[in-house]
Amino acid sequence: MMPQTRPPLVHICPLPPQRNGIADYAAAILERLAPHYELICVVAAPEAVDPFFHDIARVISFEEYHRIADRLAGERHLSHIGNNDDHVPILDVLSREPGVVVLHDLTLHYMMGRWAQQSLGDGRYLVDMVRLLHGGQAAELAEAKLLRGRPLQSIYSELNCLPFFRHTARAMITHSHYGHVLAQVAGVTAPVTVIPHFAEIPPADRHARTRRRWRQSFGVTDQTTVFVSLGFVIPNKQIATALQAMAELPAEMGDWRYVIGGENRDPAVLETCRKLGLEHRVIFLDYLDEADFDGVLAAGDVLVNLRYPTSGETSGTVCRALAHGLPCVVTDHGWYAELPETVTYRVPPGADVLDALKFVMRIALMDNLGRAAKSAAARAYAEQEMGLDRVVARYREVIEAAYAGPAPAALRPAPVLLLSQPPAPLPGQVAGRDLPQQVLAVLQAERASLAGLPARPQVLPGAYDLSALAAMPAETAGARQLFAALTVESMAVGGIIGLLRDALAQMETGDLLSLALVSTETDPAPAPGVPTSLAQRLDTGAGLARTTAALLAEAGFTLLRQAEHPLLPEADRDEFVRIIVATAYKSSDSAAFTLIIEADCS
Numbered sequence: 053m054m055p056q057t058r059p060p061l062v063h064i065c066p067l068p069p070q071r072n073g074i075a076d077y078a079a080a081i082l083e084r085l086a087p088h089y090e091l092i093c094v095v096a097a098p099e100a101v102d103p104f105f106h107d108i109a110r111v112i113s114f115e116e117y118h119r120i121a122d123r124l125a126g127e128r129h130l131s132h133i134g135n136n137d138d139h140v141p142i143l144d145v146l147s148r149e150p151g152v153v154v155l156h157d158l159t160l161h162y163m164m165g166r167w168a169q170q171s172l173g174d175g176r177y178l179v180d181m182v183r184l185l186h187g188g189q190a191a192e193l194a195e196a197k198l199l200r201g202r203p204l205q206s207i208y209s210e211l212n213c214l215p216f217f218r219h220t221a222r223a224m225i226t227h228s229h230y231g232h233v234l235a236q237v238a239g240v241t242a243p244v245t246v247i248p249h250f251a252e253i254p255p256a257d258r259h260a261r262t263r264r265r266w267r268q269s270f271g272v273t274d275q276t277t278v279f280v281s282l283g284f285v286i287p288n289k290q291i292a293t294a295l296q297a298m299a300e301l302p303a304e305m306g307d308w309r310y311v312i313g314g315e316n317r318d319p320a321v322l323e324t325c326r327k328l329g330l331e332h333r334v335i336f337l338d339y340l341d342e343a344d345f346d347g348v349l350a351a352g353d354v355l356v357n358l359r360y361p362t363s364g365e366t367s368g369t370v371c372r373a374l375a376h377g378l379p380c381v382v383t384d385h386g387w388y389a390e391l392p393e394t395v396t397y398r399v400p401p402g403a404d405v406l407d408a409l410k411f412v413m414r415i416a417l418m419d420n421l422g423r424a425a426k427s428a429a430a431r432a433y434a435e436q437e438m439g440l441d442r443v444v445a446r447y448r449e450v451i452e453a454a455y456a457g458p459a460p461a462a463l464r465p466a467p468v469l470l471l472s473q474p475p476a477p478l479p480g481q482v483a484g485r486d487l488p489q490q491v492l493a494v495l496q497a498e499r500a501s502l503a504g505l506p507a508r509p510q511v512l513p514g515a516y517d518l519s520a521l522a523a524m525p526a527e528t529a530g531a532r533q534l535f536a537a538l539t540v541e542s543m544a545v546g547g548i549i550g551l552l553r554d555a556l557a558q559m560e561t562g563d564l565l566s567l568a569l570v571s572t573e574t575d576p577a578p579a580p581g582v583p584t585s586l587a588q589r590l591d592t593g594a595g596l597a598r599t600t601a602a603l604l605a606e607a608g609f610t611l612l613r614q615a616e617h618p619l620l621p622e623a624d625r626d627e628f629v630r631i632i633v634a635t636a637y638k639s640s641d642s643a644a645f646t647l648i649i650e651a652d653c654s
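Counting from 53, one number per residue, gives the positions in the sequence shown under my numbering.
Written as C-alpha cells, this is what we have:
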C-alpha cells in the first residue's frame with residue numbers, strides 16, 4: 053500500500069529557545085502534530101530556532117513566507133496569538149491568509165498598537181487602531197486613558213481589539229469559556245472552540261526527586277512553605293503587593309520563602325523587597341528554561357499568580373502549577389474564575405487587594421491540611437482536564453473542520469460604501485442597496501502619514517498598501533475591508549491627470565485614492581504647468597477637481613458627494629487646503645472609494 057501523503061500545515065508562532073511562554077506551549081503541540089502534517093514553521097529568525105524543529109519541519113522566515121504565500125494560499129494555517137511584540141508579524145500573515153487562530157490573550161491592544169505603529173509610523177497608532185476596530189467613541193476613550201495617563205482597566209476590559217478576527221479567522225481556539233464569549237461579543241462568526249490549556253503531569257517518582265533537589269538548593273526544610281511566582285515580572289502581576297502581604301505574616305505562623313523566577317521588567321519589585329527587609333526570605337531567579345521552570349514548580353507549595361489589569365486570559369503557568377499539585381492564588385476573574393475553588397485561593401480583581409491578599413496568604417500558610425487537600429485536587433484536575441494527547445486530538449479536529457470546505461463568505465472581500473465625514477444623505481437609489489457604511493475620517497490624513505508603507509508598484513507607481521487596516525468597526529456589518537491608498541504625485545498637473553486615469557482603470561473594491569498637488573516654489577525652474585502662486589494653485593486645484601469628476605464619469609463612477617472646503621486667502625494660515633473631498637460609487641461592480649485632492653499652500 054502506498055504511504056498516505058500528509059497535508060501541509062503552516063504553523064506561525066515563535067519557537068524555543070525564544071523567551072516566550074506561548075513558544076513553549078506551541079512547541080509541545082507542534083511535536084505531536086508532526087506525524088500528521090508536513091510542517092512549515094514561520095518564525096522571525098529561523099537560524100535561532102532549536103535544531104529539533106528543523107528536523108521535524110521546514111522552518112522559514114516571515115520574509116520567505118510572503119514570497120511564497122501565493123503557493124500556500126488555501127493550505128492549512130495555524131497561528132498562535134499573544135499580546136506581545138513576538139506575535140506582531142503574525143497579523144500580516146492573517147490579513148493575507150485567514151486561518152485557525154489560537155487566542156492565548158483576550159486583549160490585544162499592545163500587539164495591535166505595535167502593528168499599527170510599524171505600519172503607520174504614527175505616535176497615535178493605538179488610538180487609530182482602536183478607532184478602526186471599535187469605532188470613534190472607543191477611540192476617544194483610548195485617547196483619554198492612554199494619552200492622559202488615566203487608569204487602563206477600561207482599555208483591558210472593553211477595547212480588546214478582538215474584532216480584527218472577524219475577517220481573519222477561519223476558526224478560533226480559546227482556552228476558556230470567557231474567551232469564547234468575548235469572541236462572540238466581538239463579532240467573530242467563525243467557529244470558536246474551547247480547548248483547555250494542556251499540562252503535562254510529571255511522574256510521581258521524578259517529581260519527588262526534583263522537589264528534593266531544588267528545595268535543597270533553596271536551603272529550605274520540609275516544614276518551610278514555598279510560595280512561587282514565575283514568568284515575566286511585570287506590574288500587572290501585582291508581585292510588589294504580594295511582597296507587602298507576606299511582610300505582615302506573623303512569625304508564629306511558620307517559616308516561608310517566596311521564589312520569584314523570570315525576567316524582571318518591574319523595578320518596583322526589587323525596591324519593595326529591599327524596603328520591607330525581605331532579602332532573606334525572597335529568592336530572585338532570572339529567566340528559567342523549561343527544565344528549571346518545572347524544577348521550581350516541583351519545589352513550590354503555592355503559586356501566586358495575580359493579574360490586574362486583566363482581560364481574563366489563560367495562564368500556562370497556572371496549568372503547569374496545577375499539574376505539579378500546587379494550589380494557586382489567583383484573581384477571581386475570567387478564566388481564573390472558571391477554575392474549581394478546590395484548587396485555588398481567590399482574590400477579587402482590583403488595584404488595591406492588599407487586605408484580601410493578607411487574609412489569603414495567612415490561610416495558605418497556616419492551614420496545612422487544607423493546602424494538602426487543594427494540592428491533591430489540583431493534580432487530579434490537571435490529569436482529568438488538561439492531558440496533552442486529548443488537547444492535540446482536539447486541535448486536529450478543529451484544523452480539519454476549518455479546511456473541510458471553502459473559506460466562509462465573510463472572509464472574502466465585500467463592497468462597502470465609504471462616506472466622508474461628516475456623512476451626507478445618500479441618494480435614494482444608493483441608500484436602498486443597504487450597503488455597509490464606514491466613516492473614513494481616520495484615513496483622510498496627509499500624504500506624509502503614509503511614509504514607510506510597503507509599495508504597490510503593480511497598481512500604480514508611488515502607490516502604498518494599507519491592507520493592515522483590514523478589520524473595521526461593527527458598522528461595516530461584517531464586510532471585510534482591504535484599503536489601498538494610492539498616492540499620486542506629479543510635477544505637472546497633466547501628469548496627475550494621466551496617472552489618475554490609469555489608476556481609475558485599475559481600481560480595486562474599497563480603494564482609497566489620494567491626490568496631492570505639490571508645490572515647487574523653491575525650485576529654480578518649475579516644470580511647465582506647475583502653479584507657483586497660491587491663487588494659481590487654488591485655481592488649478594479647483595480645475596483638477598472638475599477634471600476628476602469628468603474622469604470619474606468616464607470610468608463609470610457616480611459622484612455621490614462633493615464638499616468644497618473654504619479657501620483661506622492667507623498663505624500662512626494652513627500648510628494644506630483641502631480643495632475637495634468626494635465619495636464615488638461604481639454601480640457596475642459595487643466598487644467605492646473616497647477621493648481627496650489637496651493643494652500644498654506652504
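No residue lacks a Cβ here, since even glycine has one placed at the ideal position from N, Cα and C.
Every value quoted in this text rests on a predicted model; they were computed, and no experiment measured them.
query: Hey, out of ARG448, PRO98, ILE64, whose CA is closest to HIS129's CA?
result: Here residue 129 is taken as the residue at index 77 of the sequence shown, counted from 1. The residue with the shortest Cα to Cα distance from HIS129 is ILE64.
query: For ALA109, which residues from the same chain have a beta carbon less than 6 Å from its beta carbon, with the 5 sequence-adjacent residues on both sides left out?
result: Mapped onto the sequence shown, residue 109 falls at position 57. Within the same chain, ALA109 has close Cβ partners LEU91, CYS93.
- request: Check each candidate in TRP167, LEU158, HIS156 and name the one with the smallest Cα separation from SER147.
  value: Reading the sequence shown from its first residue, position 95 is the one you call residue 147. Per the Cα distances, TRP167.
Under the three-state DSSP convention, the category ARG431 falls into: Position 379 of the sequence shown, counting from 1, holds the residue named residue 431. Secondary structure at ARG431: helix, using DSSP grouped into helix, strand and coil.
message: Within a Cβ cutoff of 7 Å, which residues of the same chain sit near LYS410, ignoring the five residues on either side of it in sequence?
response: Taking the sequence shown and counting its residues from 1, one reaches residue 410 at position 358. The beta carbon of LYS410 sits closer than 7 Å to the beta carbons of ALA297, GLU300 from its chain, once the five residues preceding and following it are set aside; these are given in chain order.
query: From LEU440, TYR397, SER113, SER269, pick the residue whose C-alpha is nearest to that of LYS426; which is it?
result: The residue you call residue 426 lines up with position 374 of the sequence shown. The shortest CA-to-CA distance from LYS426 to any of LEU440, TYR397, SER113, SER269 is the one to TYR397.
- request: Please report how far the alpha carbon of PHE320 lies from the alpha carbon of ILE112, in whole angstroms.
  value: Your numbering for residue 320 matches position 268 in the sequence shown. Your numbering for residue 112 matches position 60 in the sequence shown. Reading the sequence as shown, one finds Ala at residue 320 and not Phe. So the two alpha carbons sit approximately 39 Å from each other.
query: At a Cβ threshold of 8 Å, is MET298 touching chain D?
result: The structure shown has no chain D; it contains just one protein chain.
message: If you reduce the DSSP assignment to three classes, tell me which class MET164 lands in.
response: One-based indexing of the sequence shown puts residue 164 at position 112. In the structure shown, MET164 sits in a helix (DSSP, three-state: H, G or I).
Beta-carbon separation (whole angstroms), ASP318 vs ILE291, contact threshold 8 Å: In the sequence shown, the residue the question calls residue 318 occupies position 266. In the sequence shown, the residue the question calls residue 291 occupies position 239. Here ASP318 really is in contact with ILE291; their C-beta atoms are around 7 Å apart, less than 8 Å.
task: Following the continuous alpha helix (DSSP H) through GLY239, name the residue where it begins and the one where it ends.
output: Locating residue 239 in the sequence shown gives position 187, counting from the first residue. According to the DSSP assignment, GLY239 belongs to no alpha helix (DSSP H), since it is labelled neither H nor E.
message: Would LEU378 and LYS289 qualify as a contact pair, given that the criterion is a beta-carbon distance under 8 Å?
response: In the sequence shown, residue 378 corresponds to position 326, counting from 1. In the sequence shown, residue 289 corresponds to position 237, counting from 1. Cβ atoms of LEU378 and LYS289: not closer than 8 Å.
field: Euclidean distance between Cα positions of THR362 and ASN212
entry: Residue mapping note: residue 362 aligns to position 310 of the sequence shown, counting from 1. Residue mapping note: residue 212 aligns to position 160 of the sequence shown, counting from 1. Linking THR362 to ASN212 through their CA atoms gives a straight-line distance of about 11 Å.
- request: Measuring alpha carbon to alpha carbon, tell me which of TYR388, TYR360, THR383 ends up nearest CYS371.
  value: Against the sequence shown, residue 371 aligns to sequence position 319. Ranking TYR388, TYR360, THR383 by Cα distance to CYS371 puts TYR388 first.
- prompt: Are the CB atoms of TYR310 and ARG326 nearer to each other than 8 Å?
  reply: Sequence index remark: in the sequence shown, residue 310 carries index 258 (1-based). Sequence index remark: in the sequence shown, residue 326 carries index 274 (1-based). No, these two residues do not count as a Cβ contact at 8 Å.
query: When the Cα of VAL450 is compared with those of GLY402, VAL152, THR220, which residue comes out closest?
result: Here the question's residue 450 lines up with position 398 in the sequence shown. It is VAL152 whose Cα lies nearest to the Cα of VAL450.
query: With contact counted as at least three CB pairs below 8 Å, one residue from each stretch, are the stretch 260-268 and the stretch 229-249 in contact?
result: The answer is no - the stretch 229-249 does not touch the stretch 260-268, with fewer than three Cβ pairs under 8 Å.
- request: Decide if THR369 is buried, meaning its Cβ has at least 16 other Cβ atoms within 10 Å, or exposed.
  value: As a first step, residue 369 must be located in the sequence shown, where it is residue number 317. It counts as buried.
Beta-carbon proximity list for THR226, same chain, < 7 Å, skipping 5 on both sides: Reading the sequence shown from its first residue, position 174 is the one you call residue 226. Taken in chain order, the residues that qualify are LEU155, HIS232, ALA235, VAL244, VAL246.
task: From the DSSP output, in three-state form, read off MET224 for me.
output: Numbered from its first residue, the sequence shown carries residue 224 at position 172. Three-state result, MET224: strand.
message: On the criterion of 16 or more Cβ atoms from any shown chain inside 10 Å, does PHE217 qualify as buried, or is it exposed?
response: Start at 1 with the first residue of the sequence shown, and residue 217 comes out as number 165. Under this definition PHE217 is a buried residue.
query: Would you say the beta carbon of LEU155 comes nearer than 7 Å to a heavy atom of the ligand COA?
result: The ligand COA is not part of this structure, which contains no ligands at all.
Distance, MET305 Cα to ILE142 Cα: Within the sequence shown, the letter at position 90 stands for residue 142. Within the sequence shown, the letter at position 253 stands for residue 305. Roughly 49 Å separates the two Cα atoms.
query: According to DSSP, which residues form a beta bridge with PRO60?
result: Residue 60 sits at position 8 when you count from the first residue of the sequence shown. According to DSSP, which records beta bridges pairwise, PRO60 is partnered with GLU90.
- prompt: DSSP on PRO477, reduced to helix/strand/coil?
  reply: On the sequence shown, position 425 is the one that residue 477 refers to. Legend: pLDDT at PRO477 = 39, less than 50; position of this residue unreliable, value from coordinates given subsequently. Secondary structure at PRO477: coil, using DSSP grouped into helix, strand and coil.
task: Please check the pair THR394 and ALA429, which I expect to be a contact at CB under 8 Å, by giving their CB distance rounded to whole angstroms.
output: If you number the sequence shown from 1, residue 394 lands on position 342. If you number the sequence shown from 1, residue 429 lands on position 377. Yes, THR394 and ALA429 are in contact; Cβ-Cβ is about 4 Å, under 8 Å.
- prompt: Can you give the Cα-Cα distance for ARG58 and ALA456, rounded to whole angstroms?
  reply: As a first step, residue 58 must be located in the sequence shown, where it is residue number 6. As a first step, residue 456 must be located in the sequence shown, where it is residue number 404. Distance from the CA atom of ARG58 to the CA atom of ALA456, rounded to whole angstroms, is 15 Å.
ALA408 to HIS385 span [Cα, whole Å]: Sequence index remark: in the sequence shown, residue 408 carries index 356 (1-based). Sequence index remark: in the sequence shown, residue 385 carries index 333 (1-based). ALA408 and HIS385: Cα-Cα distance of roughly 15 Å.
field: Residue environment, ALA295, which counts as buried when at least 16 other CB atoms sit within 10 Å
entry: Counting from 1 along the sequence shown, the entry for residue 295 is found at position 243. It is Leu, not Ala, that sits at residue 295 in the sequence shown. In summary, LEU295 is buried, with 16 or more beta-carbon neighbours lying within 10 Å of its beta-carbon over all protein chains present.
message: Within 10 Å of its beta-carbon, does LEU85 have 16 or more other beta-carbons around it, so buried, or fewer, so exposed?
response: Your numbering for residue 85 matches position 33 in the sequence shown. The residue is buried, with at least 16 neighbouring Cβ atoms inside 10 Å.
field: Length of the line joining the Cα atoms of THR273 and VAL399
entry: Within the sequence shown, residue 273 is the residue found at index 221, counting from 1. Within the sequence shown, residue 399 is the residue found at index 347, counting from 1. Near 28 Å, if we compare the C-alpha coordinates of VAL399 and THR273.
Boundaries (first-last residue) of the alpha helix (DSSP H) holding LEU214: As a first step, residue 214 must be located in the sequence shown, where it is residue number 162. No alpha helix (DSSP H) holds LEU214; DSSP gives it neither H nor E.
message: Please state the DSSP three-state secondary structure of TYR339.
response: The sequence position of residue 339 within the sequence shown is 287, counting from 1. Coil, per DSSP.
task: Go through the stretch 250-319 residue by residue and report every complete run of the alpha helix (DSSP H) that reaches 4 residues or more, in order.
output: Secondary structure within the stretch 250-319: the alpha helix (DSSP H) runs of 4 or more consecutive residues, fully enclosed, are 256-270, 291-299 (chain order).
- prompt: Is it buried or exposed for ASN420, if we count other Cβ within 10 angstroms and need 16 for buried?
  reply: Translated into positions along the sequence shown, residue 420 becomes position 368. Classification of ASN420: exposed, given that the 10 Å Cβ count is below 16.
task: Tell me, to the nearest whole angstrom, how far the beta carbon of ALA375 is from that of PRO254; I am working on the premise that it is less than 8 Å.
output: Along the sequence shown, read from residue 1 onward, the residue named residue 375 stands at position 323. Along the sequence shown, read from residue 1 onward, the residue named residue 254 stands at position 202. Yes, ALA375 and PRO254 are in contact; Cβ-Cβ is about 7 Å, under 8 Å.
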